[in-house]
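Asks:
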Amino acid sequence: MKKKQLILGLIVLAALVALVIWGRQRFHFDFGVFRTQLAEADWRKIAVGIACIYLGFVFRSVRWAKLLKHNKKVPPFSLLGTQVIGFTAIALIGRVADPVRPYLVSKKTGLPLSSQLAVYIVERLFDAGSMALIFSIAMLWIPEADIIKATSHSAMVSTLQHHSPFLATFFARYGGLALTLTGALFLIAVRLWGAAVASFFEHSFGLVSKKLGAAIGDKIRTFHSGLDTMRSFSECAVTASLSIGMWILIAYAYLVSCQVFRTSPELATITPPKCVLLMIASGGASIFQLPVLGWFTQIGIVAATLSGLFGASPEAATACAASLLLVTFLATIPVGLIWAQFEHVSLRNVTHESEVAEETAVDQPATNAAE
-4 MKKKQLILGL
6 IVLAALVALV
16 IWGRQRFHFD
26 FGVFRTQLAE
36 ADWRKIAVGI
46 ACIYLGFVFR
56 SVRWAKLLKH
66 NKKVPPFSLL
76 GTQVIGFTAI
86 ALIGRVADPV
96 RPYLVSKKTG
106 LPLSSQLAVY
116 IVERLFDAGS
126 MALIFSIAML
136 WIPEADIIKA
146 TSHSAMVSTL
156 QHHSPFLATF
166 FARYGGLALT
176 LTGALFLIAV
186 RLWGAAVASF
196 FEHSFGLVSK
206 KLGAAIGDKI
216 RTFHSGLDTM
226 RSFSECAVTA
236 SLSIGMWILI
246 AYAYLVSCQV
256 FRTSPELATI
266 TPPKCVLLMI
276 ASGGASIFQL
286 PVLGWFTQIG
296 IVAATLSGLF
306 GASPEAATAC
316 AASLLLVTFL
326 ATIPVGLIWA
336 QFEHVSLRNV
346 THESEVAEET
356 AVDQPATNAA
366 E
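Residue 134 in our numbering sits at position 139 of the sequence shown; the count goes up by one each step and never skips.
1) Relative to the C-alpha of R55, which candidate in W242, L180 and G303 has its C-alpha closest?
2) State the start and end residues of the unbroken alpha helix (DSSP H) segment that holds W242.
3) How is the alpha helix (DSSP H) around I129 delimited, first residue to last?
4) Starting from L262, trace the alpha helix (DSSP H) in both directions and tell me its first and last residue.
5) Need the endpoints of the alpha helix (DSSP H) that E35 sits in, please.
6) Cα-Cα, which of L120, V100, I88 and Q293 is closest to L222?
7) Tell me the residue span of the alpha helix (DSSP H) that contains G331.
8) How would you write the range of the alpha helix (DSSP H) that R257 sits in, first residue to last?
9) Which residue's Cα is closest to the Cα of L244: A312, Y49 and G295?
10) With a CB to CB cut of under 6 angstroms and the five nearest residues on each side skipped, what residues in its chain are close to A298?
11) What's the C-alpha gap between E230 and A246?
12) Indicate the three-state DSSP secondary structure (helix, strand or coil) for K68 in the structure shown.
13) Measuring CB to CB, does L332 end up less than 7 angstroms from T224?
14) With a threshold of 16 other CB atoms inside 10 Å of the CB of G27, please say whether the residue is buried or exposed.
15) Taking 6 angstroms as the limit between beta carbons, can you name the residues of its chain near G189, skipping five residues before and five after?
16) Where does P360 fall in DSSP's three states?
17) So is G306 buried or exposed if we call it buried at 16+ other beta carbons inside 10 Å?
18) Report, in whole angstroms, the separation of the C-beta atoms of V322 and S252, which I expect to be a contact under 8 angstroms.
19) Put I351 into one of helix, strand or coil per three-state DSSP.
20) How is M391 classed by DSSP in three states: helix, strand or coil?
21) Can you give the Cα-Cα distance for T292 and I88, rounded to whole angstroms?
22) So the candidates are F337, E35 and V271; which of them puts its Cα closest to the Cα of I132?
23) With three or more C-beta pairs closer than 8 angstroms as the rule, is the segment 34 to 54 touching the segment 208 to 216?
24) Spatial neighbours of I239 within its chain, please: C-beta separation below 8 angstroms, excluding the five flanking residues on both sides.
25) Less than 7 angstroms between the C-beta atoms of L108 and A276, yes or no?
26) So, with DSSP's three-state summary, where would you put D93?
27) Starting from the C-beta of H198, find all residues in its chain whose C-beta is less than 7 angstroms away, skip the five residues before and the five after it, and write them out in chain order.
This is the structure we're talking about:
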């Protein structure tokens, strides 16, 4: 672990300890009730949730193979191991392991890492768009008060709510869809006029910093090379369908993991739209995932959302947050570690190698990414 990551981890750990000490003096938490919630849970639904997450890896493997077909045709399920091992690395090591998946695909297929980083960027864009679409649809069934409550942590929404409650609700309800449409327009512009768009942003940001402008220009050129993986509307539609289908599976995994707790009415009767709100909170908690320590911060944030937004008891909320962590992250680890052994992959080594390789690939001219 890098020194700065260790320092950050120690700071977060100290903050967590202080928060626990502070919370114990102000909030009542009955560990007996917590154990009862776990004991009386319907663990068959946990198994269904885990199955949905693993089926999502199959969707990821097929999607990545589809995005590679113009560079190299690979069997749809041949990249399944790279997805499982990659997410195992993220669960154990943190978000610093994000480049592991494109690095493993590059090693497995013999394609340049720069091309796989471009595919990764495209994949992330479709993930964000799919989630924003699902979120926007779910918001149509969420009461206005719940939307404002769920987004009250946002400074922008809070400011809008103070000056214009209508605009605040409109932004919270349709903001994700608007950002998705903006991203889609940007995607089309880069696909059609990649060089011109890269030059425009490079020049614009270069007025502030030449180094920043050059970096942004290179990123856009890399993104343009990644979009070359989709050369027709049908290919784009297939990628979008796989992405939306995968996120529906993930949303269902969240739903059944909440409904596990039959003795908590707030969780047992949770609706799909409310579950999407929970996914947003959980996703935000995992953006800066730290090794192991991040598990506890994620449990804390998700439990606070379940308790504050849905009215679940602290014990039920904490039990549910822990089960969601198990379903979405921890259940991947055993299979990922076994798979890594069969593939002769060391997670720590491959994380370091992928970081170094990523830095090298980013520094290369964008034309190499299309080779």
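Glycine included, every Cβ here is placed at the ideal spot set by N, Cα and C.
Replies: In terms of the structure at hand:
1) Out of W242, L180 and G303, W242 has the C-alpha closest to the C-alpha of R55.
2) It spans F228 to Q254 - the alpha helix (DSSP H) in which W242 sits, taken as one unbroken run.
3) L108 to M134 is the span of the alpha helix (DSSP H), which, as asked, contains I129.
4) Counting along the chain, the alpha helix (DSSP H) containing L262 begins and ends at P260 to A263.
5) Per DSSP, E35 lies in no alpha helix (DSSP H) segment and is marked neither H nor E.
6) The residue with the shortest Cα to Cα distance from L222 is L120.
7) Start and end: T327 to F337.
8) First-last for R257: undefined, no H or E at that position.
9) Of the candidates A312, Y49 and G295, the one whose C-alpha sits nearest the C-alpha of L244 is Y49.
10) So the list reads A312, T313 and A316, once near-sequence residues are dropped.
11) Taken atom to atom, the span from the alpha-carbon of E230 to that of A246 is near 24 angstroms.
12) Residue state, collapsed to three classes: coil.
13) Their beta carbons are not under 7 angstroms apart, which means L332 does not touch T224 by this criterion.
14) So G27 ends up on the exposed side.
15) H219.
16) Low per-residue confidence applies at P360: pLDDT is 45, beneath 50, and the placement is therefore not dependable enough to give any value.
17) Around the beta-carbon of G306, fewer than 16 other beta-carbon atoms lie within 10 Å, marking it exposed.
18) Correct: roughly 5 angstroms between the Cβ atoms.
19) In the sequence under discussion, the amino acid at residue 351 is Val, which differs from the Ile named in the question. Helix, per DSSP.
20) Absent from the model: residue 391. The displayed extent of the chain is -4 to 366, so no value can be given.
21) In this structure, the straight-line span from the alpha carbon of T292 to that of I88 is close to 15 angstroms.
22) Of the listed residues, the one whose Cα sits closest to I132 is V271.
23) Remark: fewer than three beta-carbon pairs, one from each stretch, lie closer than 8 angstroms, so the segment 208 to 216 and the segment 34 to 54 are not flagged as touching.
24) Same-chain partners within the cutoff: S125, L128 and I129.
25) A276 sits away from L108, with the two beta carbons spaced by 7 angstroms or more.
26) Correct three-state label for D93: coil.
27) Apart from sequence neighbours up to five positions away, the residues of its chain that approach H198 with a beta-carbon distance below 7 angstroms are G208, ordered along the chain.
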